[in-house]
Every structure is written in C-alpha cells, then in structure tokens.
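Note that the protein sequences, when read in sequence, are chains A and B.
Be aware that the first sequence starts at 1, since it is given in UniProt numbering, and climbs by one per residue.
Be aware that the second sequence starts at 1, since it is given in UniProt numbering, and climbs by one per residue.
2 protein chains.
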Amino acid sequence: MRASPAFTPVSVEELLAIQSFRHGERVVEAGRAVIEESRASPQLFTLYSGWAFRFKTLSDGRRQILSFLLPGDFIGVQDEFADGQTHGVEAATVVTLCVFPRDKLWPLFNSQPRLGYDITWLAAREEKMVDDNLVTAGRRNATERVAMLLMHLYRRARRAGLERDGWVEFPFNQQHIADAIGLSLVHTNKTLRRLQQLGLHEFDNGWLRILDPKALEALGDYFERPLRPTPLI
Amino acid sequence: MRASPAFTPVSVEELLAIQSFRHGERVVEAGRAVIEESRASPQLFTLYSGWAFRFKTLSDGRRQILSFLLPGDFIGVQDEFADGQTHGVEAATVVTLCVFPRDKLWPLFNSQPRLGYDITWLAAREEKMVDDNLVTAGRRNATERVAMLLMHLYRRARRAGLERDGWVEFPFNQQHIADAIGLSLVHTNKTLRRLQQLGLHEFDNGWLRILDPKALEALGDYFERPLRPTPLI
DNA sequence: CGTTGAATTGAACACCATCAACGAATGTGG
DNA sequence: CCACATTCGTTGATGGTGTTCAATTCAACG
C-alpha cells in the first residue's frame, strides 16, 4: 500500500514506530461488527483492505450511516474521547485491519509527534467527509443526494486503487444507500432507478461504473478537487 | 477560563508553549465572518468568548450549519488539510478569539506532543458533534430535530458556564435553526411554536430557558452523558 | 421446488416546502 | 416627529416530495 502515490512517504524510524505500535491483524467478515455501537472499543484500527462504514442508530432502530471507510482509513480516534456516546463500525466486505491498543495512542503521540500529527490529519479529513454528508442530508433533494453519494464513493474507491476498467467494487445494498443519505428505502430505489435509466451509472453484481461523471457532479453540486497524499499509519 | 472544572489543568511548561504559539487576539462583530467560506484561513483560533458557527453553502445558496462553537472550541483544524474544499465560520455574537498562525501547528505538535494530543482530542469531539447533527438531519422528524437542537445548545452553553438563573444566551434566529437542522424556515417556526405552547421551552429577547428538559430529551431521543474535562489550547 | 433476501413498482397519504400576507420591532432620513 | 424601509416572527393555504403500505418479481441457495 505504501507504494501508492496516494500515500505520503514515511521514514524508516516512523515505520518502526508504527510497527511497534501495532498489535496484530484482525479479519472481520462482511456484515459483522468491527466496533460495537454500544461500547467503546479498546482498540484502534487501520483498514488494510475492504469496505466498512460508521453508523449510529436511534433507540427505535432508525439508522444513519455517518461515513464510509476504505483502505488507509484510521478507525476509532473519535472514540478516544467517547464518554460512552459512540458509533458502530461494520464491515461491508471481508475486511482486514491492523490493530492498535488504544492505551498506546498517547505514548505514540509522545514518542513520534509526526505520527500524532498524521493521525490528526486523518481525523480532520474524516470530519470533512461527515461535513459533506451533513450538507447532503440537510440540504439536498433525493436526486442530488444519490448523485453526490455515487460520485463520492466512486472517487474514493478509485483513489484507493480499487478501480478496474472503470468499475469499482460496490458492496452496498439500497438499504445502505438509504441510510447514508437519509431517505427511505423505497424512494432511494426509485431515484437510483431514474438515474440509471438516464444512463448516468450502472450496477453489475456488486460493482459500480460511472457513465456520466460530469452529469452526476453537476446534479449533486459536488465537484472533485485535487487531493494531497494521505498519511498512512 | 482555565479555572473552570470543565477544562483540564495544564502544566506551566505547556502554558508557556501555548503562549508562544499564540499570535494575538481578534474581535469579530456579530454576523461577520471569522473564516471566509471561499478560501482556507492562514490562521487557527481558540474561541474565548461568544457564539459562532461553522457552515457550508451549496452553489445555489442553500446553507447548512455544521456545528456551533462556544468558548474553548478550537477552530480551523479541519482546514489544515483542506485542498480548497472548506467551510465558513461566522460569529453569531461579538466574538473574541485567540489567534494562532497555521504554519506553527506542526512545530507545536513536534515540541509539545501533549498539546498535539489535546488538539486531536478537540477535533475528535467536534467530529462527534457533527455525527450527531448528521443523525438529526438524516433520520429525525421536525419535532425531534428541534428538540434535539435545543437540548444540545442549552447543555453546551450551560457547560461553558453561560447559564444565568436557568437562562442561556441564544443569539440565533429561526433561520439559523432551520439551517442547522435541515428544515425550511416556515416549518421550523411552526414546530418551535408548538413546542413552546406545550411549555417545553421559552425564548425571551435572545435568551433561552428549558422548562421541561426530560420531555425534550425524550422527544429528541438525545440524552445527556457525563462529560470529561476538555483540554483548552 | 420452496425459501429467503433484495430490488422493484404502484397507490395512498403525510410531512414538510413553498407562496403569500401581515404584524411587531427597530432603524433611518427628511 | 413622522414616513418609510428592513428584518424577523407568525400564520394560512396549497401542493409536492418523499414516506408508508403492500404486492410482485427476481436471483441465489438449500
């Protein structure tokens, strides 16, 4: 992964610090919890492979997906300061994770300020994504929401190197999409269908292809920007 | 401010580091921009006094308020990694800010890892608030949204020590509320009115009092949790 | 071949947006 | 001091977007 231009280079010393910080790997099956919503996790993770997502549920079961997670994303910083109030993380595909013990987070900051800075970088980037999702849920109509989400996920997957001939793996069903953009399942279906019939995108057996990115960008009022390389912990 | 139990104690050395990090104060009038939405700010801030809020606008003018800022909040970390895409910050009252030059952020992390850790703490807490707002905009109905927002702002103000005899300063008009919870101005008004007539809360000339916190908590499915002391940069 | 979960579609309705109008409070200039 | 403009809160009427309910299709799988 580190070879990818999407990630910042890292010194040998930092790499060693990351190595000593980590505490093994973990594999989670599709549909299983990486972090239970009910209790704060004693671990942090870096996602190595697969798709996951963060979510919250209201007491009557309504669920909101907060953000999606791709390889390179750091999981669990928000919980460092949880006070009980937390969110769940669920694997959407089989997922492999690098495990870090939470109580080593401060020692890591202390001994490797650069890595602490990088973690802040990642946390800030994550918040910006939630910001965007909040704009979507609060101020966009159904068509705009779907267009925005499709472009968002497609771009991120492509950047994470998951594109193959224009297709990216898309392991989400319509309930996931509905929960991410704040619509009902039925209306999500109808909106998705309409965009598909307009020829803007295409699904095939868990893969997604964008046929008219400009149209989707314009519909969603959501345009790509150049991205800097991302730190990888 | 540091005397308040809401904030974590800080060592003399850290205090000196904060002092050397800072770069003066700034006062912004109510309704003026602290950070322009269009361009990334070369400065970071700690809010000393007053209310402010972060927001984003779509190209046709629809606005979404992302989160509210109170004394002690750290402003601008998200932008450290902006890539152009950013958000605005506007003062809701007269506001005084402590100014930090952005290019000293990394040196601060480097020389004072503890302060770096604290900044991450604040960034993570901020993201959790945006998470909550996203659940609101995505999955709550109008009544629940208003109830949740009122309790949220009231609690935060109280915690920041802004309560006087059960009243807290509330410098927002109904357009602000509508933009925060993703409703139209008119429907926000009607919902607010209904809750007021039920005797759940009361407004008076820019101040807010909660008359029935339990009812509002239950309506919004949004319950208070014990909070740990917050770092203050 | 029956079962299950997901996608799809139609119909009825509710919630919320939009439009329009008015009142109260405040400020401004003549 | 009054005429006028401006901003904000309020309310009613109307309609649309999206929800809810219900049923059907379809693919996958035992």
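For glycine and all other residues, C-beta sits at the position ideal for the given N, C-alpha and C.
Model, not experiment: these values are computed from the prediction.
Nearest residue (CA-CA) to residue i, options the options
i: A:S184; options: A:Q64, A:V10, A:E36; result: A:Q64
i: A:P213; options: A:A178, A:F170, A:G166; result: A:G166
i: B:A30; options: B:Q78, B:V89, B:R39, B:S11; result: B:V89
i: A:G204; options: A:L219, A:P171, A:T230, A:L216; result: In the sequence under discussion, the amino acid at residue 204 of chain A is Asp, which differs from the Gly named in the question. Comparing Cα-Cα distances from A:D204 to each of A:L219, A:P171, A:T230, A:L216, the minimum goes to A:P171.
i: A:D73; options: A:T86, A:L115, A:T57, A:S49; result: A:S49
i: B:D132; options: B:L16, B:L149, B:Q112, B:A123; result: B:L149
i: A:V95; options: A:D179, A:T136, A:V34; result: A:V34
i: A:I177; options: A:F53, A:P226, A:P5; result: A:F53
i: B:F223; options: A:P229, A:L227, A:Q85, A:Q43; result: A:Q85
i: A:P231; options: A:C98, A:P107, A:W106, A:Y117; result: A:Y117
i: B:L216; options: B:P107, B:R2, B:Y154, B:V135; result: B:Y154
i: B:S38; options: B:Q78, B:L66, B:H87, B:A3; result: B:H87
i: A:D221; options: B:G161, B:A137, B:K56; result: B:K56
i: B:V168; options: B:H152, B:I181, B:Q175; result: B:H152
i: B:L122; options: B:L16, B:A3, B:L227, B:A218; result: B:L227
i: A:K104; options: A:L44, A:M1, A:R209, A:N189; result: A:L44
i: A:A4; options: A:A180, A:L211, A:L162, A:P42; result: In the sequence under discussion, the amino acid at residue 4 of chain A is Ser, which differs from the Ala named in the question. Cα-wise, what sits closest to A:S4 is A:L162.
i: residue 237 of chain B; options: B:A147, B:R114, B:A137, B:A6; result: Residue 237 of chain B cannot be examined here, being either before or after the span of chain B that is shown, 1 to 233.
i: B:F68; options: B:S59, B:D60, B:T93, B:R62; result: B:T93
i: A:I75; options: A:S59, A:R125, A:D60, A:S111; result: A:R125
i: A:L58; options: B:A218, B:I233, B:P229; result: B:A218
i: A:L70; options: A:T46, A:V77, A:G206; result: A:T46
i: A:D179; options: B:Q174, B:L134, B:G206; result: B:L134
i: B:S111; options: B:Q174, B:Q78, B:A6, B:E13; result: B:E13
i: A:G61; options: B:E127, B:T8, B:I18, B:R139; result: B:R139
First through last residue of the beta strand (DSSP E) which encompasses residue i
i: A:A40; result: Note, A:A40: premise wrong, no beta strand (DSSP E); not H, not E.
i: B:H201; result: 201-204
i: A:V89; result: 88-91
i: B:E169; result: 167-169
Simplified DSSP state of residue i, which is helix, strand or coil
i: B:G116; result: helix
i: B:Q186; result: Sequence inspection shows Val at residue 186 of chain B; the Gln mentioned does not correspond to that position. Helix at B:V186.
i: residue 247 of chain A; result: Residue 247 of chain A lies beyond the range of chain A shown here (1 to 233); nothing can be said about it.
i: B:P101; result: strand
i: B:S59; result: coil
i: residue 295 of chain B; result: In this structure chain B extends from 1 to 233, so residue 295 of chain B is not present and cannot be described.
i: A:L211; result: coil
i: B:Q197; result: helix
i: B:F172; result: coil
i: B:R156; result: helix
i: B:R140; result: coil
Opening and closing residue of the alpha helix (DSSP H) in which residue i lies
i: A:P5; result: Run containing A:P5: none; DSSP gives neither H nor E here.
i: B:E25; result: Here B:E25 belongs to no alpha helix (DSSP H); instead the beta strand (DSSP E) covers 25-28.
i: B:Y222; result: No alpha helix (DSSP H) contains B:Y222, which DSSP labels as neither H nor E.
i: B:L16; result: 12-21
Residue i beta carbon near the ligand NAP (any heavy atom closer than 7 Å)
i: A:S67; result: Ligands are entirely absent from the displayed structure, and the ligand NAP is therefore not among its contents.
In DSSP terms, what residue i is bridged to
i: A:A33; result: A:E90
i: B:L69; result: B:A52
i: A:Q64; result: A:K56
i: B:I75; result: B:F45
i: A:T126; result: For the sequence presented, residue 126 of chain A should be read as Glu rather than Thr. DSSP output for A:E126 lists no bridge partner at all.
i: A:V135; result: Paired residue(s): none; A:V135 is not in a bridge.
i: B:T96; result: B:V27, B:S49
i: A:R164; result: A:W167
### Query
Using 8 Å as the threshold, is the stretch 184-197 of chain B in touch with the stretch 140-157 of chain B, meaning 3 or more CB pairs across them?
yes
### Query
Is the stretch 95-115 of chain B touching the stretch 21-29 of chain B, taking contact as three or more C-beta pairs under 8 Å?
Verdict: yes, contact present.
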